[in-house]
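Reviewing the structure listed below.
Numbering (the numbering used here), first residue to last: 126 to 547.
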């Protein structure tokens, strides 16, 4: 089973000057566990869009990995961050919009098409033991006016309905936090700290998502074992609880990149986790630098479904990377300074994003739903059973096999103590 909680918050401010009194325009995006329930009519996900978003996902991951400790765990949602940027893009103009489009590798499309297509990536999914639900809301100050085109696009492309609220009331933060708690099945509590906003706040864009996925081929918890995990050749191995399975999985051995890959599908097979494991204990840095859409395409061409002994760690960790720094690194710069042009939001050109915060919690364990049909009958047994032992740092992806896009990407470098006790 995988449970992911994702929180994304953009703070948008008016640029300061001696002539004008400044107000705040804040956006809080709460994404609690995977994907977005966005239905976009007449929009489809083509191969060019998938390729563009994969490039964005890889670039964002690489930028994030460079900004944190060498052995820190990471998890982030490029798909959900794409949604946040797409919602911002419909209000962006000029170079601000161009930088977002360039980061998306979509300079050839107009803003509304991009927003519509990214929305099409996030249709809800249900059944096969999986739960995926989402709600988009827009909380607007009584005195703040959205442009009609911005309001219309939010409603039509992101199914986000606007609700008027008085941000100056003392109980407003508590009220919004309770809404968020309800929308996220009590997973996210007290998201917005006291004092985060007040009478000057004009707008909050809120997106709450809940996802729970079961493995297609469950791991037997009675076979889980404690084994050493090697953070690096220079670190003492850490005893870590591992889940174990012998089954038929898609694997790929990419000798030219010194890695092996494993795909673990979720029930229904729309989503899967892909683990990229370097052949060497200290091979993660090289793998991160060589990660690209071309490498992922190569892995897709090399998939081979075979019987394999799988050993991977049970893990749960929280990651809060510097999203603002990462977005700057991929070329989105003007959005965060006085050069920003977000006049499509309210008609004013003096809005800009002051900061962006991102929090994700991921949990991976044995739970899942066994497929109804036995796979062992479909394949010939081999005398040698390959092993996939993830006992050193690796990259993982959560992919949407329907659209061939990366929903989550991260790396596991160091076990958390909590999992030693099971």
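Note that the Cβ used here is the ideal one computed from N, Cα and C, for glycine as well.
Using a 10 angstroms sphere on the CB of residue 303, the tally of other CB atoms stays under 16, which defines it as exposed. Nearest C-alpha to residue 456 among 365, 221, 228, 395: 228.
About 6 Å separates the beta carbons of residue 524 and residue 397, which is inside the 8 Å limit, making them a contact pair.
For the beta strand (DSSP E) assignment, the uninterrupted runs of no fewer than 3 residues enclosed by the stretch 448-494 are, from N- to C-terminal side, 476-489.
The straight-line gap separating the alpha-carbon atoms of residue 356 and residue 458 is approximately 35 Å.
The DSSP-derived three-state label of residue 526 is coil. Counting only residues of its own chain and dropping the five nearest sequence neighbours on each side, residue 186 has a CB closer than 6 Å to the CB of 534. A Cβ-Cβ contact shorter than 8 Å links residue 516 with residue 352. Comparing alpha-carbon positions, the option among 221, 202, 213, 209 lying closest to residue 466 turns out to be 221. Inter-residue distance for residue 441 and residue 473 is about 43 Å (C-alpha atoms, whole angstroms).
Here residue 307 is exposed. Its C-beta has fewer than 16 other C-beta atoms within 10 Å. Excluding sequence positions up to five before and after residue 414, its CB lies within less than 8 Å of the CB of 187, all in the same chain and listed in chain order. Between the stretch 196-216 and the stretch 269-282, the count of C-beta pairs closer than 8 Å reaches three or more; the two stretches touch.
Counted as a single uninterrupted DSSP element, the alpha helix (DSSP H) harbouring residue 413 occupies residues 409-415. Under the three-state reduction of DSSP output, residue 204 falls in the helix class. When 485, 488, 491, 449 are compared, the shortest CA-CA separation from residue 477 is found for 449.
In this structure, the beta-carbon distance from residue 470 to residue 272 falls below 8 Å.
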